[in-house]
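Protein chains in written order, with this note's numbering: chain D, 9 to 361; chain P, 9 to 361; chain S, 9 to 361; chain F, 9 to 361; chain E, 9 to 361.
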Amino acid sequence: MRLFRRNAARAGLPPGTLAPAGEKKAEPSAVNVMRYSEADGCSEKRVDKEEIPHTETGQGVVWLNCDGLGDVTVIESIGRRWGIHDLVLEDICHTDQRPKVEDHGDYLFVVLKMIYPGPAGDDIQMEQVALILKDGVVLSFQERAGDVFDTVRTRIRDGKGRIRRMKSDYLAYSLMDAIVDNYFVVMERIGDRIEALEESVIRQADAESSARIHELRRKILLLRRSVRPLREVVNSLVQSESGFVTRPVRPFFRDLYDHTIQIIDNLELSRDFLSGMLDIYLSSMSNRTNEVMKVLTIIATLFIPLSFLVGVYGMNFQHMPELQWPWSYPVLWGIMLLTTIGFLTYFKKRRWL
Amino acid sequence: MRLFRRNAARAGLPPGTLAPAGEKKAEPSAVNVMRYSEADGCSEKRVDKEEIPHTETGQGVVWLNCDGLGDVTVIESIGRRWGIHDLVLEDICHTDQRPKVEDHGDYLFVVLKMIYPGPAGDDIQMEQVALILKDGVVLSFQERAGDVFDTVRTRIRDGKGRIRRMKSDYLAYSLMDAIVDNYFVVMERIGDRIEALEESVIRQADAESSARIHELRRKILLLRRSVRPLREVVNSLVQSESGFVTRPVRPFFRDLYDHTIQIIDNLELSRDFLSGMLDIYLSSMSNRTNEVMKVLTIIATLFIPLSFLVGVYGMNFQHMPELQWPWSYPVLWGIMLLTTIGFLTYFKKRRWL
Amino acid sequence: MRLFRRNAARAGLPPGTLAPAGEKKAEPSAVNVMRYSEADGCSEKRVDKEEIPHTETGQGVVWLNCDGLGDVTVIESIGRRWGIHDLVLEDICHTDQRPKVEDHGDYLFVVLKMIYPGPAGDDIQMEQVALILKDGVVLSFQERAGDVFDTVRTRIRDGKGRIRRMKSDYLAYSLMDAIVDNYFVVMERIGDRIEALEESVIRQADAESSARIHELRRKILLLRRSVRPLREVVNSLVQSESGFVTRPVRPFFRDLYDHTIQIIDNLELSRDFLSGMLDIYLSSMSNRTNEVMKVLTIIATLFIPLSFLVGVYGMNFQHMPELQWPWSYPVLWGIMLLTTIGFLTYFKKRRWL
Amino acid sequence: MRLFRRNAARAGLPPGTLAPAGEKKAEPSAVNVMRYSEADGCSEKRVDKEEIPHTETGQGVVWLNCDGLGDVTVIESIGRRWGIHDLVLEDICHTDQRPKVEDHGDYLFVVLKMIYPGPAGDDIQMEQVALILKDGVVLSFQERAGDVFDTVRTRIRDGKGRIRRMKSDYLAYSLMDAIVDNYFVVMERIGDRIEALEESVIRQADAESSARIHELRRKILLLRRSVRPLREVVNSLVQSESGFVTRPVRPFFRDLYDHTIQIIDNLELSRDFLSGMLDIYLSSMSNRTNEVMKVLTIIATLFIPLSFLVGVYGMNFQHMPELQWPWSYPVLWGIMLLTTIGFLTYFKKRRWL
Amino acid sequence: MRLFRRNAARAGLPPGTLAPAGEKKAEPSAVNVMRYSEADGCSEKRVDKEEIPHTETGQGVVWLNCDGLGDVTVIESIGRRWGIHDLVLEDICHTDQRPKVEDHGDYLFVVLKMIYPGPAGDDIQMEQVALILKDGVVLSFQERAGDVFDTVRTRIRDGKGRIRRMKSDYLAYSLMDAIVDNYFVVMERIGDRIEALEESVIRQADAESSARIHELRRKILLLRRSVRPLREVVNSLVQSESGFVTRPVRPFFRDLYDHTIQIIDNLELSRDFLSGMLDIYLSSMSNRTNEVMKVLTIIATLFIPLSFLVGVYGMNFQHMPELQWPWSYPVLWGIMLLTTIGFLTYFKKRRWL
């Protein structure tokens, strides 16, 4: 994940200008329309941009899903047929939006971030999903074709659970729930890595630990940027008086709200854990320097004075009476032994040994 | 305690799906029904899932306690007979909920975390308890059969105190009070360990201190995650206008609220103490490195110049006039003594000795 | 002061149970009744628990002060005669309450913490004071007999100032004001110690400084735990609509509120100062390590190369032409002198000397 | 950018005094008037201070732009003709204002900070822009003539987009949008530099890294000071009930508000990243000290004892039996080899090698 | 500035007791009365305490300024004649108040802190100013006679600007504005010192830098304690519904509020800068230790092994074949040269050179 997505390139363009999302080559847009009701079952169809259905509030629910934002004309023709504001279409195309919900009177516009583990298993992919909730209709826009909505699609096709009995607000909830569930998958991976890192830091901190702590911290910071506004989005859907979320669906959104709170709790906890780990890491580094210093000091303190002593009797003065004495050599060894024992006792007392 | 409980495994399941709580082998469910009133005394019965009593608002209070969440069918049949929403049943089964209170119109749903010291005495066990408070009825769900509610049970059986005279809201309060009391037991143990650690860090900080500080910090972070929403839960019960909590019981909930505030105060205080202890630990480590360095420097500064001097007169040049002089050797000793005294004076002045 | 007061021992007792405050041997209870009004002057009497006066709202103010909480029956009989709720009596006895104010309809219950310097001058004593404010009556409960209320007692006896002209709410204010005034005494001592410590840390930081910083920090944290809820207590008395605090007394409570704010300001300031001092301490420690290292490095860099040089000419090879040359010895001294000057110049340039 | 702009020089002047903005030599003022409406197209004119148009609310929108604040009489004559309060004129001239919005009844006064990359590419220029929004009129005041409003001017001239169809509030929005877009340009540069710095710190932290981290942190702090009040400004325009912002323009201001939130998010994220980088930097420095220490300790530990040993047999005692033994020399080499192997094994075990 | 001003000495005194401000010898009180109106011009008079004018709401504005709080009887007689509450008079005399505003029904009581650079240029003086705003009257009380209000006095005397046309609320504003302007003077000095310190820390951090950082931080903390409540004071005057601040004066107070916000912004920014500087300082210290260590390690690593080698051939064994070989000496020099080159290459590779 990049630190900031680019939107500087758009500086100076008039608002409401539709431009394909800059940085990365966007996928072409594929539009899929699903209709279902409790009575009539479910029909599915892949449509071209000329065939995009008009506004209609017949029986049942219409779910129009658009995969890929590469073809601006597709977004434009959907916008024209369903009466969507220019600024909303701009926000759909520019994938650097902050999660938000906007009440446009006859429809609700929701921007979310979807995250999932990347192919390398170690990185996190982030993608923008836009939802438009009208009476009986849900329009959804994904940056890339993905399988995150497949579980919802399967439940509609199979007619299991309560989804076919419910209105479009329940469909919107189901899509958002599918997105939020993926946060837990990513959180769990991060949690595993934090626990593994924690053990390794306590057991054997090495130079890479701080880089790994930083990398996890970076991920958590980036996630938090997406999740915090997500909580506000879900909360304003729960609190909303606008009638887009009907009474029977409200407990489901409340449940979703609990999930977002839980994710934020986990992120905060992770942050606190990581900063605690950095403290352990730093104190273990300082501990280790201490150990190294002690070894050096013990060796130097033991042998430098002895080296001086033997140096004394290596001098070539003609008048050094000790050199002639017969017991000088063993006496010197005795003195050196006593000095060593003295230092060792001192080190023992200071708990350096 | 794990950092995050798993609920990633449930990603993609339709909401309201009852699945046994993932990670750990759940205990089978045992259902116990207690009826009491001031007039008729108290009766107790262990029931099978077919015998679960229907909704009834006769005289007195019905307390249905379900120990263990292993048997999903038991939860389901309780739910069916007492008219509980699917999402509530799901929350009861999935023990990774955040403490919360939900007003479902004809009943109040409360999720709490119970903590108690683990068997090793050193770890903390955490368990989810769900309460459903209806008019005249309390349903309680524990993850594992435990003895935390025994004091309440005994008070009902003995008919002492005011419990038999009161309604079901007082029973709910008593159960919550029993749970919150256990937090104090855990807090006290943590407090003892913090004080012991504090003394040991000030007296003699060693390499394990930082690991122990971190471990306590970890526990406090995990506790805080449970206690903070607990405060909101109890507060919303105190503030609640819904009539589930009657006027005479309100002072008791207010008392309970004071207790949760006190626990949070203690947790915050513990956190501040631990971060203060880390500061002492780090400064004592840096102090110690300083001490070690000083010893090394003193020894090296005293003896390295002397070693050079004796090395000079160990050279084998044929033309070194000093070697022949008769007083060279004692004069050299004099010079070396003076040098040593000079350095010692310098060290004294810099307060290194 | 202990980190947490014990109330784990009470876990499992039914609410409203009166038990003597656990940890420390509580003093026996002595009850003192004072009556005064502007017209009739002032009478004082020490009463037994059988003589505790009944509720009465005659002329003037009744102040019943209970010193020591050792005799539960005294508290109980006061409670019975003045119609105090069981939970309130429990809170009076259990001295681990958080400061709070509770409106019980016909009386106001206030819990405060009183602090004063301990006998050693260096520690802080903390004690719980409970006040019950009824119309015309103030009941006060102290943990230990003390002299903090003596100034109020003297003012009542002497009839000076406005106290005899005012109602019971002014008496309650006077008692609380006497308590809060003691906070300033303690704050001033802490302020003096912080300033003394600051000077000593800047002048000559030693190993004990961090322990003393920590000890002050600990005290401030414990004080803050008492003062923060105190502010809320006083504020809710200022804001209170209940009529317990009459209009003429309100400015006095507002003044008291200003005082609590000031204490909190001072505590926050002290905390910031102490954390700043820890920074100075740590940087001065690292400075000192630096100094020690420099001395070691200078000595070692000067003499280790020289020692090598003289070692070379201490070798016993038969074929070393330099040994025979007549000018070798003075030339070597010249080389060694130049090396030394070179290194000294280098150290000068790096500002190590 | 300076830490604080000077306004101390104005201390003591009566409020409402117009003085040219102190510190820097201000540019002379050039006034440009643009009139446009959907029907009549667009006319543009550069006017002298005598020609400044009077208040008029004819058809279309009047945009009076004043470049440079050097000529106080120009500001004064604009103020007189359009009925602007003295304090507002003072705020326009003194370019050390905080971004703010003030509702003066018949006009809205908005102060913003414009930022753009400086000529060196590495520094950030900041400039104050003041807007006055009246019915049908926008007055704008820039510190220096710049090209930031050129895109708006071009859109008006070309008549493209919706700008000619809209009222003066849309013009005000367009100007503010042009300013906010420039923040993204600056943010992107900062983001690039943070990412470059991050890589370099992880790969090879050097002494300059901390200075560069600090410099970026400094920039972010200065930016944040401008952006935070900007958010409040835009928010109060969105929330405003005063009628200056009409219904059709409100979504555009809401969009602008999203942008300011995004900038603040990015700034906070940058701050967190930089403080994380400082942690890596410090831990990598301590790592490196550790490495250096290890090398020193290994060398010293290996050779200092050996030097002692060879020193022993360099002594000149007459009675040293080992000197005569024929195998002494190879045996000593053996002992020294074994010592070396022993130490190397020890270092291996402690993972120092 | 002291950390806490003393008010412990007052503990136990009845509220409303007027005592001269403890610590420092207070100046005697001098009372100056100024009357002005647009019609009648301006008269000024220095009065004794017997001559203090009575309450009167004639034409124009009366400004009574009292310099010095040393004579309690002066304060008392002012209080008596203008009907000021005892607690207010106490707050005026005790100069350890927190800035605040109190609405006493028929007058408004404002306490402010005035700061100005001390005589040494380096320290900050703080003084309490109390204002009482009645209809047509402003009473002001300064701790010491000073010249901060002279600009206001001059404007009244000269009749320039709008001050004579306005009511007493504008006078109160003018006095507060004069006080707040002085904050900018002090802030500017602090800003200059921060920037100077920043440059010196980046260029050449020395042991005094941390003390200077701490001293600035200390000043900022003490300033912040005065400015934060000042913001609340000015804000409650802007928001006030009480009629003391009339509509035409409200924009001026709003302007003043902007100034206080700006001061707080600057203080927060300064704090962030200083903590960033401490980070640079610490990292530069650790950098320097690193440099010192490297020099030591390079010297020791180069020469200690060589010293061992030459020591070997200084041994006096009779059977050392190398000693007799003719090429031993030059070969040993070769080996030593190669070792040195090897180590230098290694240091180069690790970037230590």
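The beta carbon of each residue, even a glycine, is placed where N, CA and C say it ideally should be.
query                                                                                                                                       : result
8 Å Cβ cutoff, threonine 297 (chain P) in contact with chain D                                                                              : yes
Boundaries (first-last residue) of the alpha helix (DSSP H) holding asparagine 243 (chain E)                                                : 215-247
Interface residues of chain S facing serine 294 (chain E) [CB-CB closer than 8 Å]                                                           : Ser294
Candidates S:Glu58, S:Glu110, S:Val80, of which the one nearest serine 250 (chain S) by Cα                                                  : S:Glu110
Neighbour flag for tyrosine 115 (chain D) against chain F, beta carbons, 8 Å                                                                : no
C-beta atoms of serine 148 (chain F) and isoleucine 83 (chain F) nearer than 8 Å                                                            : no
Status (buried if at least 16 other CB within 10 Å, exposed otherwise) for isoleucine 100 (chain F)                                         : buried
Min CB distance serine 315 (chain E) to chain S below 8 Å                                                                                   : yes
Unbroken stretches of the beta strand (DSSP E), 3 residues or longer, contained in the segment 81-157 of chain S                            : 108-111, 116-125, 132-142, 145-150
Members of the segment 165-182 of chain D near chain P, C-beta cut-off 7 Å                                                                  : Gly169
Under 8 Å by beta carbon: chain D residues contacting valine 320 (chain F)                                                                  : Val318
Between the CA atoms of valine 118 (chain E) and leucine 139 (chain E) - distance to the nearest angstrom                                   : 5 Å
Distance CB(aspartate 263 (chain P))-CB(alanine 153 (chain P)) smaller than 8 Å                                                             : no
Whole-Å CB distance - serine 278 (chain E) paired with isoleucine 198 (chain E), under 8 Å assumed                                          : 6 Å
Per-residue DSSP class, three states only, for lysine 175 (chain D)                                                                         : coil
Residues that leucine 289 (chain P) contacts on chain D, provided the C-beta gap is smaller than 7 Å                                        : A quick correction: the sequence has tyrosine, not leucine, at residue 289 (chain P). Residues of chain D passing the Cβ test: Ser291.
Backbone CA spacing between asparagine 295 (chain F) and methionine 293 (chain D) [nearest angstrom]                                        : 7 Å
Residues that lysine 108 (chain P) contacts on chain D, provided the C-beta gap is smaller than 7 Å                                         : Asp266
Contact set between the segment 331-343 of chain F and chain E, restricted to residues whose Cβ is under 7 Å from the partner               : Leu331, Gln332, Pro334, Ser336, Tyr337
Extent of the continuous beta strand (DSSP E) run through lysine 53 (chain S)                                                               : 49-55
Cut-off 6 Å between Cβ atoms - residues of its own chain near isoleucine 52 (chain E), not counting five sequence neighbours on either side : Sequence check: residue 52 (chain E) is glutamate here, not isoleucine. Closer than 6 Å at the Cβ level, and outside the excluded window around glutamate 52 (chain E), lie Met42.
Option in F:Pro256, F:Leu304, F:Met184 with minimal Cα separation from leucine 238 (chain F)                                                : F:Met184
Sequence-distant residues of its chain with Cβ nearer than 7 Å to isoleucine 5 (chain S) (five each side left out)                          : A query on residue 5 (chain S) cannot be resolved here, the shown segment of chain S reaching from 9 to 361 and no further.
Residues near lysine 108 (chain E) in its chain [Cβ-Cβ closer than 7 Å; skip 5 each side]                                                   : Val119, Pro237, Val241
Cβ neighbour criterion (16 or more within 10 Å) applied to glycine 322 (chain S)                                                            : buried
Secondary structure of isoleucine 79 (chain D), DSSP reduced to three states                                                                : One detail in the question is off: residue 79 (chain D) reads as aspartate in this sequence, not isoleucine. Note: aspartate 79 (chain D) maps to coil in three-state DSSP.
Residues near asparagine 243 (chain D) by beta carbon distance below 7 Å, same chain, minus five either side                                : Tyr265
Listed by chain order, chain C residues near phenylalanine 311 (chain D) by CB distance under 7 Å                                           : Absent here is chain C; the protein component of the structure consists of chains D, P, S, F and E.
For tryptophan 90 (chain S) and tyrosine 115 (chain S), the rounded distance between their alpha carbons                                    : 10 Å
Buried versus exposed call for aspartate 177 (chain S) [16 or more other C-beta atoms within 10 Å across all chains shown]                  : buried
Alanine 219 (chain E) at chain S interface by Cβ criterion, 8 Å                                                                             : yes
Interface residues of chain D facing isoleucine 140 (chain P) [CB-CB closer than 8 Å]                                                       : Result: empty, since nearest Cβ-Cβ is about 15 Å, beyond 8 Å.
Neighbourhood of methionine 344 (chain P) by C-beta, 7 Å cutoff - its chain only, sequence neighbours within 5 removed                      : Leu314, Leu317
Buried or exposed by the 16-neighbour rule on C-beta atoms within 10 Å, applied to tryptophan 360 (chain D)                                 : buried
Glycine 199 (chain E) beta carbon near the ligand COA (any heavy atom closer than 7 Å)                                                      : The model on display carries no ligand, and the ligand COA is accordingly not part of it.
Backbone secondary structure at methionine 293 (chain P) - three-state DSSP                                                                 : helix
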